[in-house]
Amino acid sequence: MREYQAKHYNGRPTISACMIVKNEEKFLAQCLQSIRSAVDEIVIVDTGSTDRTVDIAQSFGAKVYKHPWKNSFSEARNHSLCYAACDWILQIDADEALEQADIPLLHKLITTDACNAIFVAIYSELPGGHAKHYFQRIFRRGKAHFEGIVHNQLIFEGKALESEIRFYHYGYNLSDRDMENKYKRTGALLRQQLAENPNNIFIMANLIRNYRNEHNFDKVIELGEKGLNISVSQTDLVSKNQRQRISIDLAHALLNTNQVDRAEEVCKEALREKPDSFDILIVLGEIMLKKSAFNDALHYLKKYLILKEKENKEPSFNVLSADFYYYEPSTYNNIGECYKHLGLIHEAEVAYKNAIKRNKKEPLYYSNLVNLYICQNRLQEAQDLCFTVVKSGIANHLTYLLLGKLCITQGKTNDAINAFQQSIQLDNKNITAHTYLINLLLQANQLEEAKNVLAGIISFYPDELKLKCLTEKIHYKSGNKESAINFIQNILTSNPSDRSVCLDLGDLCIEMEEYAKAIEVLERYITTTHNVEAVVIASIATCYAKLGKLESAIFGFQTALKLDPNCNCALHNLATLKN
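Given below as structure tokens:
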């Protein structure tokens, strides 16, 4: 096996690719194809595969060695190093791939005598974008080994060389079940490590990230607050990196548990330590968006884009990882949300289009633009965009939900019913699509079909008041008005904490032509909400018109139009009353 030491290809040192695998048939061929022309041998340690992993490895000429799994990634990785015979090691995982354009750079850098390890840039594909971090994945044989049973670290002699050799990582964007299994396995090993080293900030940061990925936000907050209290040297970049990661995950958990002010504090403290952190800027933008501080959100989101544009032109090596390295599309989308809430419609439209331009496969960006068009009464543009998304094959439940709403405005009941049915097929727990569909079926006197649709959704949400309102609407349609009246009174007497239920109760009252009661219910909603919607004011005005109180009705429609000049209900009814 020592023959590789003497062998040089075109005057360069030789390279052994070293890997550990177990049931990696999904990605392995892609990985091996990416490295086959870059390395001189492929060494694979298999720790117990039961799928086609070994067959795939051997088809690429890899040397495969069996080794039992001993609950330690480092132990397995170090075992693979023992079989390597070349001058340098390239360590790569099965769910990664080497950028082909960077192979000449790889071959050039290993001719150096100035270092024993080389950093590469690892781009991890995430559901919303790409993260980037640097790791020493290329090192001189015999000069390095791995430590740590999970999220192992390379311990090497001498110096490390910085590089922008690109690895692409696909293992963080798998199915929910695959990710759940990965987090469960990793979490167990990390808890074991932390029990042995309770103040190790690297281990703690990785366990916190694992809890975040499992949506165990209470654990993230508990460990995150503890982790930020661990004293670290201001010159220790590795520890500072872990503090940044902990801050991001802690802020995310606080945001998801509605502790928004504390999340802001954590982020601003982290930003003082690293003012140009992509991650903190993005999270602060999301925090300010949630606080409705839209100008502040724009400040942080735009700063991210400015820094990112500079980074794109000239990538800079940084041992601090960036979870939000490529998040320009979602950043533009959030900027669009800010502008929309500020009433800057043109700016919002430009931002949404920028998001779509950078990621044409994310239906959320299209949906937000469609919503903007609907708010502006640009219904044809909204419909055309919906059809574009459907034809492109990326439509999701929200696309069909919006399409259904557009069909309602055009009086196309059957098309609307079909759209809502499509939405439900894609997301059978979507209350909004079910609500629209049930109401349309009731309007079309398809009572039994409405009952069946309601039975399907209410099994998931038996205590949802919106669905109980629909149940009573069906009772009314079936001739049992008394049940609906008693239901409304009981709900109002209970003084529900969720005031939005008043909207559903008001709709039920209007359905039963109980207009005075509808006004009472909807006005109760208005007195308890900060953002009064024009459509609610218009509904109250409609009730006044039905009761013959025309002055109150006209005043109501005019008020609604001051809030939203494009409120169709107010425009149509006001014109009718004035004529």
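Note that the numbering used here has the sequence shown beginning at 6, numbered continuously upward. Glycine is no exception: its CB is placed at the ideal position from the N, C-alpha and C atoms. This one's a predicted model, so the numbers in the text were calculated from it and none came from an experiment.
(request) Report the rounded CA-to-CA distance for Lys296 versus Val265, giving the unit in angstroms. (result) 8 Å
(message) Excluding the 5 residues flanking Ser557 on each side, which residues of the same chain have their C-beta closer than 7 Å to its C-beta?
(response) Tyr549
(message) I'd like to check one pair, Leu347 with Asn300: are the Cβ atoms closer than 9 Å?
(response) yes
(message) The alpha helix (DSSP H) that contains Tyr332, what's its start and end?
(response) Unbroken run through Tyr332: none, as it is neither H nor E.
(request) Indicate the three-state DSSP secondary structure (helix, strand or coil) for Cys23 in the structure shown. (result) In this structure, Cys23 counts as strand in the three-state DSSP scheme.
(request) State whether the segment 559-578 contacts the segment 533-548, with contact taken as three or more CB pairs (one from each stretch) at a distance under 8 Å. (result) yes
(request) Could you spell out the range, first to last residue, of the alpha helix (DSSP H) harbouring Val50? (result) Unbroken run through Val50 is the beta strand (DSSP E), 46-51; no alpha helix (DSSP H).
(message) Using a Cβ-Cβ cutoff of less than 7 Å, which residues in the same chain neighbour Gln141 once the five nearest sequence positions on both sides are dropped?
(response) Contacts found: Ala122, Ile123, Phe124, Leu159, Phe161, Ala165.
(request) Could you round the C-beta distance between Ala400 and Ile413 to whole angstroms and report it? I think they count as a contact, below 8 Å. (result) That pair is no contact at about 18 Å.
(request) Quick one: using the 10 Å Cβ neighbour count with 16 as the cut-off for buried, is Ala193 buried or exposed? (result) exposed
(request) Would you kindly work out how many angstroms separate the C-alpha atoms of Ile285 and Ile253, rounded to a whole number? (result) 6 Å
(message) Let me check one thing: in DSSP terms, what residues is Tyr128 bridge-paired to?
(response) DSSP output for Tyr128 lists Lys137, Tyr173 as bridge partner(s).
(request) Measuring alpha carbon to alpha carbon, tell me which of Ser464, Gln415, Gly409 ends up nearest Ala5. (result) Outside the modelled stretch of the chain, which goes from 6 to 584, sits residue 5, for which no answer is possible.
(request) Go through its chain and collect everything with a Cβ distance to Asp100's Cβ below 6 Å, but skip five positions before and after it. (result) Phe32, Tyr175, Gly176
(request) Just confirm the distance between the C-beta atoms of Leu306 and Asn339, as a whole number of angstroms; I'd bet it's less than 8 Å. (result) 6 Å
(request) Take the Cβ of Leu555 as the centre, count every other Cβ of all protein chains shown within 10 Å, and call the residue buried at 16 or more, exposed below. (result) exposed
(request) To the nearest angstrom, report how far apart Ala43 and Leu294 are at their CA atoms. (result) Cα to Cα, the separation comes out at about 46 Å.
(request) Given a cut-off of 9 Å, decide if Leu508 and Val541 are closer than it, judged by their beta-carbon atoms. (result) Yes, they are a contact pair.
(request) Could you tell me whether the Cβ atoms of Gln38 and Phe65 are closer together than 9 Å? (result) yes
(message) At 4 residues or longer, what runs of the alpha helix (DSSP H) sit wholly inside the segment 547-572?
(response) 555-568
(request) Please state if the CB of Ser79 and the CB of Phe144 are separated by a distance shorter than 9 Å. (result) no
(request) Take His220 as the anchor and find which of Tyr188, Glu469, Ile208 has the nearest alpha-carbon. (result) Tyr188
(request) For Asn246, count neighbouring Cβ atoms within 10 angstroms of its own Cβ and tell me buried if that reaches 16, exposed if not. (result) Result: buried.
(request) Taking Glu30 as part of the alpha helix (DSSP H), name the residues at either end of that continuous run. (result) Glu30 -> no alpha helix (DSSP H), and no H or E assigned at all.
(request) Quick one: grab the DSSP three-state call for His220. (result) Note: His220 maps to coil in three-state DSSP.
(request) Assuming Leu276 and Ala268 form a contact by the criterion Cβ under 8 Å, report the distance between their Cβ atoms to the nearest whole angstrom. (result) Wrong, their Cβ atoms sit about 13 Å apart, outside the cutoff.
(request) Could you say if the segment 79-95 and the segment 44-60 meet the contact criterion of at least three C-beta pairs nearer than 8 Å? (result) Look at the beta carbons and you see the segment 79-95 touching the segment 44-60: at least three pairs across the two are nearer than 8 Å.
(request) Could you name the residues of the same chain whose beta carbon sits closer than 6 Å to that of Leu590, not counting the 5 residues immediately before and after it, in chain order? (result) No statement about residue 590 is possible, as the shown extent of the chain runs from 6 to 584 and does not include it.
(request) Work out the CA separation of Glu227 and Asn204 for me, nearest whole Å. (result) 14 Å
(message) Can you tell me whether Arg214 is buried or exposed? The criterion is at least 16 other CB atoms within 10 Å of its CB, across all chains shown.
(response) buried
(message) Can you look up Ile94 in the DSSP assignment and give me helix, strand or coil?
(response) strand
(request) Ignore the nearest five residues each way along the sequence and tell me which others in Asp432's own chain have a CB closer than 8 Å to its CB. (result) Within its own chain, the residues whose Cβ lies closer than 8 Å to the Cβ of Asp432, once the five positions on either side in sequence are excluded, are Asn401, His402, Ala438, listed in chain order.
(message) I'd like to check one pair, Glu104 with Pro320: are the Cβ atoms closer than 9 Å?
(response) Not closer than 9 Å, so no.
(request) Could you name the residues of the same chain whose beta carbon sits closer than 7 Å to that of His13, not counting the 5 residues immediately before and after it, in chain order? (result) Because His13 sits at a pLDDT of 47, beneath the cut-off of 50, its placement in the model cannot be relied upon, and the following sentence gives the value as read from the coordinates. If we look at His13 and ignore the five residues flanking it on each side, its Cβ neighbours are Thr19.
(request) Give a yes or no on whether the C-beta atoms belonging to Arg17 and Ile115 are separated by under 9 Å. (result) A Cβ-Cβ contact shorter than 9 Å links Arg17 with Ile115.
(message) Going by beta-carbon coordinates alone, are Tyr441 and Leu406 separated by less than 9 Å?
(response) yes
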